[in-house]
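Worksheet: the structure to be examined is printed underneath.
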Amino acid sequence: MSQQVLRDIEKRMRGAEQALTKSLGSIRAGRANASLLEGIQVLYYGTPTPLNQLAQISVPEARMLVITPFDKNILEDIEKAINKSDIGITPSNDGNIIRLVVPQLTEERRREIAKQVGEEAENAKVAVRNIRRDGLDELRKLEKSGDLSEDELRRYEKEVQALTDSAVKNVDALAAEKEREIIED
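Note that my numbering has the sequence shown beginning at 51, numbered continuously upward.
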């Protein structure tokens, strides 16, 4: 039972790291990245549909995204959806494809984005610490019910702390890599 609690804690902490990776991928770093367009919904025959299901997204150059819709009739709908989104890039429609040119970042904007990365990392660390707290509570319940001895509880608490330390270290590494990408660009 207690091994199951540890596996659950580890799985949830990895999930927090993956969520951070996904949210950092959507932060614009001055380079074209298809993940910038994740979450954009296009009205397709009255149904909100993810952009990546309606078009091929490619990165032909470091600062350009090219969106090639599978159905040319929805070019204007895609353009409207991009304009309504908060990515801050104006699309260029040539009748067949849509081009998005990612502008060069200013130093001030780089600092703002780095700050945003720090906030995302801190949110991930809070999630990891909450997972640790929940796991420790679960282990303490097992100890109170007699399923765990006091010595086993201490050993499991150390294992949970080791998992937490590892997850926080991974979160810091992900944030540092993203900040380096933002500043070097």
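C-beta: ideal position from N, C-alpha, C; glycine also.
Bear in mind that the values here come from a model prediction, so they are computed numbers and not experimental data.
Check: Touching by the beta-carbon criterion (3+ pairs, under 8 Å), the segment 157-174 and the segment 139-147; Outcome: no
Check: Three-way DSSP call (helix, strand, coil) for L115 in this model; Outcome: strand
Check: Contact the segment 64-75 vs the segment 111-120: 3+ CB pairs below 8 Å; Outcome: no
Check: Host beta strand (DSSP E) of Q91 (start-end); Outcome: Q91 to Y94
Check: The segment 83-103 contacting the segment 182-201, beta-carbon criterion three pairs below 8 Å; Outcome: no
Check: Nearest-angstrom Cα separation, counted from L74 out to E158; Outcome: 19 Å
Check: Identity of the residue in I77, A177, L56 and K219 nearest E162 by Cα; Outcome: I77
Check: Distance, I139 Cα to L87 Cα; Outcome: 11 Å
Check: Buried/exposed call for K228, threshold 16 Cβ in 10 Å; Outcome: buried
Check: Contained alpha helix (DSSP H) runs [length at least 4] in the segment 150-210, N- to C-terminal order; Outcome: 157-194
Check: C-beta contact flag for Q272 and T118 at 7 Å; Outcome: Nothing about residue 272 can be reported from this structure: the residues present for the chain run from 51 to 235 only.
Check: Beta-bridge partners of P110, as assigned by DSSP; Outcome: In the DSSP output, where bridge partners are listed per residue, P110 has none listed.
Check: Residue range of the beta strand (DSSP E) that includes S142; Outcome: P141 to N143
Check: Buried or exposed (CB count within 10 angstroms, at least 16 for buried), V178; Outcome: buried
Check: Enclosing alpha helix (DSSP H) for E126 [first to last residue]; Outcome: L125 to K134
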